[in-house]
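**Student:**
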Amino acid sequence: MYSQWNKQDNHNYADNRNATSSQTQTATRSSQNTVNGDNALKQAFENKTSNLQVQGSGTVTKTLPDDNKGSRHQRFILKLANGQTLLVAHNIDLAPKIKGLKKGDTVGFNGEYEWSEQGGVIHWTHHDPAKRHVDGWLEYNGQRYQ
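Here this note's numbering runs 37 ahead of the position in the sequence shown, where the first position is 1.
(1) Report, in whole angstroms, the separation of the C-beta atoms of MET175 and HIS127, which I expect to be a contact under 8 angstroms.
(2) Between the Cα of VAL91 and the Cα atoms of VAL97, THR98, VAL72, ASP103, which residue gives the shortest distance?
(3) Buried or exposed: where does THR63 fall if 16 or more other Cβ atoms within 10 Å of its Cβ makes it buried?
(4) Report the option in ALA167, THR122, LEU101 whose CA atom is closest to the CA atom of ALA81.
(5) Given that a residue counts as buried once 16 or more other Cβ atoms are within 10 Å of its Cβ, and exposed if not, what is ASP165?
(6) Could you check what DSSP says for ASP104 in three-state terms: helix, strand or coil?
(7) Report the rounded CA-to-CA distance for GLY157 versus VAL144, giving the unit in angstroms.
(8) For TRP152, which of GLU83, ASP75, VAL97, GLY74 has the nearest alpha-carbon?
(9) Cα-Cα, which of LYS168, ARG181, HIS160, GLY173 is closest to ARG109?
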């Protein structure tokens, strides 16, 4: 769906944190409330919503090289059942890396959605040592990575 994911392995998820307040819709939830599923993510994408705590799952379409600039992040692309793609940026300085992840695997997630033209980014998929943000996680093969 978003061929740009496949062509651009150096996607900088931090660039997607710059949504203006006019882009942040009323559907945006506080970090304490989580919305579930593909429909919520589809609506967030269509409305250019960011800072939305979401939970769902998808199929890995591509694994990307780790981002080792600043905090290290494991990166991969998930495709949801509705066809939307998401870049997952999982902080591996705060949570364990998923070893052996490959195309076709299913990954569950609870994290913060940030809008991007390619479909969106899921980050905060880890615990917050400062306890200022709701803890996120990834689930893979019955194991939770937090």
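Glycine residues also receive a C-beta, built at the ideal position from the N, C-alpha and C atoms.
This one's a predicted model, so the numbers in the text were calculated from it and none came from an experiment.
**Tutor:** With the structure as the only source:
(1) What sits at residue 175 in the sequence shown is Leu, not Met. Contact holds; Cβ gap of about 6 angstroms.
(2) Out of VAL97, THR98, VAL72, ASP103, VAL72 has the C-alpha closest to the C-alpha of VAL91.
(3) Note that THR63 scores a pLDDT of 27, beneath 50, so its modelled location is shaky; the value from the coordinates is reported in the next line. Label assigned to THR63: exposed.
(4) For the residues ALA167, THR122, LEU101, the minimum Cα distance to ALA81 belongs to THR122.
(5) Looking at its Cβ environment, which holds fewer than 16 other Cβ atoms inside 10 Å, ASP165 is exposed.
(6) DSSP places ASP104 in strand when its eight states are reduced to three.
(7) Approximately 16 angstroms, taken between the alpha carbons.
(8) The option with the nearest alpha carbon to TRP152 is GLU83.
(9) For the residues LYS168, ARG181, HIS160, GLY173, the minimum Cα distance to ARG109 belongs to HIS160.
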